[in-house]
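What follows is a single structure, written as structure tokens, with notes after it.
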Amino acid sequence: QSLSPADKCYDTIVTWQDSYDRDPSFTFLSGLMEASSESISACEFLYRAFHLLSGT
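Each residue of the sequence shown is one higher than the one before, counting from 53 in our numbering.
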């Protein structure tokens, strides 16, 4: 029996913490930090920050 690539690579199940338990200001700041570290330019950072602020 052949396994899918996902079954070969990921043998574990991850249970994510419910986001409602977190402090909203911490979630916002961590989102901004992630956006700044992943952005290549200032324009891309503003785009990511806008999406974070708008909740989409």
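The beta carbon of each residue, even a glycine, is placed where N, CA and C say it ideally should be.
The structure displayed is predicted, hence computed values, not measured ones.
Checklist entry - Between which two residues does the alpha helix (DSSP H) harbouring S91 extend? => result Counting along the chain, no alpha helix (DSSP H) covers S91, and no H or E run does either.
Checklist entry - Taking just the CA atoms, how far does M85 sit from I92? => result 13 Å
Item to check | Helix, strand or coil at G83 [DSSP, three-state] | outcome: helix
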